[in-house]
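In my numbering, the protein residues as written are 140 to 261.
The beta-carbon is built from N, C-alpha and C at its ideal position, and this holds for glycine as well.
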């Protein structure tokens with residue numbers, strides 16, 4: 140992008156930022172293919188589901204046809220879980236007293252096991 144020499148640094152449209160992010164995301168789809176990404180996401184979701192159940196969390200999985208890569212896990216002390224997450228550099232949020240997690244192709248199985256352990260500790 141060639142800006143005018145007299146342009147302000149804020150003259151560039153903020154739409155450039157999401158456009159660049161979109162190009163990067165589409166590059167991942169082109170590189171691996173949508174089927175491979177969706178298959179990996181499904182396997183990762185199942186891995187997290189199994190890890191949560193094994194840790195004894197209050198999470199109860201949905202039937203296969205209703206599974207998602209987004210999880211809502213009940214927690215007796217969601218703020219304590221979030222504090223453990225912050226210390227472990229895990230990104231999540233709390234919604235209505237439940238821990239909200241989303242897995243995607245870039246997650247590692249070991250990370251999901253660690254997250255389940257952090258939730259299961261309390």
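Local conformation of residue i per DSSP, three classes
| i | result |
| --- | --- |
| residue 192 | helix |
| residue 254 | helix |
| residue 220 | helix |
Beta bridge counterpart(s) of residue i as assigned by DSSP
| i | result |
| --- | --- |
| residue 234 | 237 |
Cβ-Cβ distance between residue i and residue j below 8 Å
| i | j | result |
| --- | --- | --- |
| residue 257 | residue 186 | no |
| residue 192 | residue 229 | no |
| residue 231 | residue 239 | yes |
| residue 196 | residue 259 | yes |
| residue 203 | residue 217 | no |
Cβ shell of residue i (< 6 Å), same chain only, five flanking positions each side left out
| i | result |
| --- | --- |
| residue 246 | 183 |
| residue 223 | 257 |
| residue 214 | 220, 238 |
Sequence-distant residues of its chain with Cβ nearer than 8 Å to residue i (five each side left out)
| i | result |
| --- | --- |
| residue 169 | none |
| residue 180 | 208, 242, 243, 244 |
| residue 234 | 211 |
7 Å Cβ shell around residue i - same chain, five flanking residues per side excluded
| i | result |
| --- | --- |
| residue 188 | 200 |
- Which whole runs of the beta strand (DSSP E) in the segment 151-218 are 3 residues long or more, in chain order? Listed in chain order, the complete beta strand (DSSP E) runs (minimum 3 residues) inside the segment 151-218 are 209-213.
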